[in-house]
Amino acid sequence: MKISVIIPSYNQGRFLVDCVESLVSQQLNLGTTVEILIFDGGSKDTTQETIKPYLEKYSNVCFFSEQDRGQSNAINKGFRKATGNIICWLNCDDYFLPGALACVARHFHAYPHLQWLYGDGVLVAEDKKTLGVFPASREYDQWVLVSLLDYIFQPSTFWRRTMIEKVGDLDETLNWGMDWDYFIRLGKVSTPHYVRQQLSAQRIYGSTKTATGGTKRLKELYRIMRRHGAPFFPPGLLHYSYLEFWPLAEKNLSQKTYARVMPWLDRIYKRILFPALLRWTHQTCPYKGD
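This is the structure in structure tokens:
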């Protein structure tokens with residue numbers, strides 16, 4: 120079994136060592152290999168100097184530097200270049216946890232008919248300090264995935280090459296939710312297996328695309344929900360609007376007011392409002408598909 124890991128990169132050389140080290144240090148099962156494909160969009164920082172020692176030391180690390188049309192385009196190039204029978208992508212500011220690929224290989228070996236899987240993960244700060252576990256992970260439910268939220272942790276998701284042949288490439292018109300859109304499309308073809316193990320770490324910091332997306336991101340996520348069969352006013356629109364409210368509150372409220380009000384509001388949301396949205400999703404927004 121060969122696992123192809125596609126790494127899109129652009130001016131994030133400072134994170135590349137953590138990302139690549141997390142791959143070359145994986146203890147793999149006998150018969151399992153990993154292919155590391157880095158697609159760089161013509162970075163102007165230290166990316167090329169950073170990756171050079173790995174290219175000299177590891178024959179399974181490949182680096183491609185050329186102009187692209189964004190992150191999705193870089194990943195799609197990786198889909199076409201990959202030679203493994205198991206595929207994933209890992210953003211260069213994220214990294215795998217020890218034992219992740221061995222765990223993935225075991226599951227695909229044990230279940231020959233399994234087409235794709237996803238696992239748990241942790242959220243970390245720019246300096247790798249742990250912020251907590253990814254809170255949304257849950258057993259697969261297509262209704263919830265389409266109408267409420269993307270609970271699939273992207274860097275902990277893997278699929279067989281044959282799935283690409285069935286669902287195609289990432290939608291390059293999407294800037295924020297291309298992974299969500301892709302997972303919904305995968306789910307229409309085959310039900311995944313949820314692995315209750317932390318497989319990867321995702322960095323959360325101020326300059327990430329998610330953190331800076333604002334209302335443009337919200338509009339795109341709404342378009343994805345509607346595209347896949349969610350109603351005109353899906354529960355997910357409220358959920359992601361609430362998440363967008365946090366940075367606005369931090370920017371506009373005084374530090375004292377923010378510290379006093381927001382934790383209280385978050386408890387109400389998590390204990391009362393979000394469970395209500397979940398019930399609403401199941402009761403009034405059953406997934407209809409195409």
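Heads up: the sequence shown is residues 120 to 409, going by my numbering. Just so you know, even glycine gets a beta-carbon here, dropped at the ideal spot from N, CA and C. Model, not experiment: these values are computed from the prediction.
Put residue i into one of helix, strand or coil per three-state DSSP.
i, result
"Asp137", "helix"
"Lys389", "helix"
"Arg225", "helix"
"Gln317", "strand"
"Phe364", "helix"
"Thr165", "coil"
"Glu154", "strand"
"Asp159", "strand"
"Leu303", "What sits at residue 303 in the sequence shown is Ile, not Leu. Residue state, collapsed to three classes: helix."
"Trp295", "coil"
"Lys285", "helix"
"Lys248", "coil"
"Thr400", "helix"
"Tyr359", "helix"
"Leu142", "helix"
"Thr376", "helix"
"Ser123", "strand"
"Gly325", "coil"
"Leu264", "helix"
Whole angstroms is fine: what's the gap from residue i's alpha carbon to residue j's?
i, j, result
"Leu318", "Leu216", "5 Å"
"Arg279", "Pro350", "31 Å"
"Gln261", "Thr169", "41 Å"
"Trp399", "Ile122", "39 Å"
"Leu397", "Pro382", "21 Å"
"Ala395", "Ile303", "23 Å"
"Leu174", "Leu209", "18 Å"
"His312", "Gly132", "33 Å"
"His358", "Gly150", "43 Å"
"Glu140", "Pro127", "16 Å"
"Lys176", "Ala219", "22 Å"
"Lys196", "Leu142", "20 Å"
"Arg225", "Ala368", "45 Å"
"Tyr361", "Leu293", "21 Å"
"Leu267", "Leu135", "33 Å"
"Asn130", "Asp298", "21 Å"
"Ser178", "Asn371", "51 Å"
"Lys171", "Val180", "10 Å"
"Gln234", "Leu356", "30 Å"
"Val380", "Glu363", "16 Å"
"Arg386", "Phe272", "23 Å"
"Gln167", "Glu284", "32 Å"
"Lys335", "Ile391", "28 Å"
"Cys88", "Thr165", "Given a span of 120 to 409 for the chain in the structure shown, any question on residue 88 remains unanswerable."
"Gly348", "Arg342", "10 Å"
"Leu384", "Trp365", "10 Å"
"Ile194", "Ser309", "22 Å"
"Met344", "His401", "15 Å"
"Asp409", "Gln186", "Residue confidence is low: Asp409 scores 46 on pLDDT, short of 50, so the model does not pin down where it sits. Its coordinate-derived value is still stated next. So the two alpha carbons sit approximately 35 Å from each other."
"Phe393", "Leu337", "18 Å"
"Val223", "Glu291", "27 Å"
Is the separation between the beta-carbon of residue i and that of residue j shorter than 8 Å?
i, j, result
"Leu242", "Gly296", "no"
"Leu264", "Gly332", "no"
"Gln321", "Pro274", "yes"
"Phe158", "Phe183", "yes"
"Tyr324", "Glu258", "no"
"Ala221", "Gln316", "no"
"Leu289", "Tyr301", "yes"
"Leu147", "Val124", "no"
"Asp137", "Tyr230", "no"
"His232", "Met120", "no"
Three or more C-beta pairs under 8 Å: does that hold for the stretch 274–293 against the stretch 199–215? Counting C-beta pairs with one atom in each stretch, the stretch 274–293 and the stretch 199–215 have three or more that are closer than 8 Å, which means they touch.
Would you say the stretch 235–250 touches the stretch 364–376, given that touching needs at least three Cβ pairs under 8 Å? With a cut-off of 8 Å, the stretch 364–376 and the stretch 235–250 do not count as touching, because too few Cβ pairs lie within range.
Ordered list of beta strand (DSSP E) runs contained in the stretch 170–234, each at least 3 residues: Taking only runs of at least 3 residues, the beta strand (DSSP E) segments lying wholly in the stretch 170–234 are 180–184, 205–208.
Can you find at least 3 beta carbon pairs, one from the stretch 242–254 and one from the stretch 189–201, that sit closer than 8 Å? Taking one beta carbon from each stretch, the stretch 242–254 and the stretch 189–201 have fewer than 3 pairs nearer than 8 Å; the two do not touch.
Just list the alpha helix (DSSP H) runs in the stretch 333–357, keeping only unbroken ones of 4 residues or longer that don't cross its boundaries, in chain order. Every unbroken stretch of the alpha helix (DSSP H) spanning 4 or more residues and falling wholly within the stretch 333–357 is given here in chain order: 333–346.
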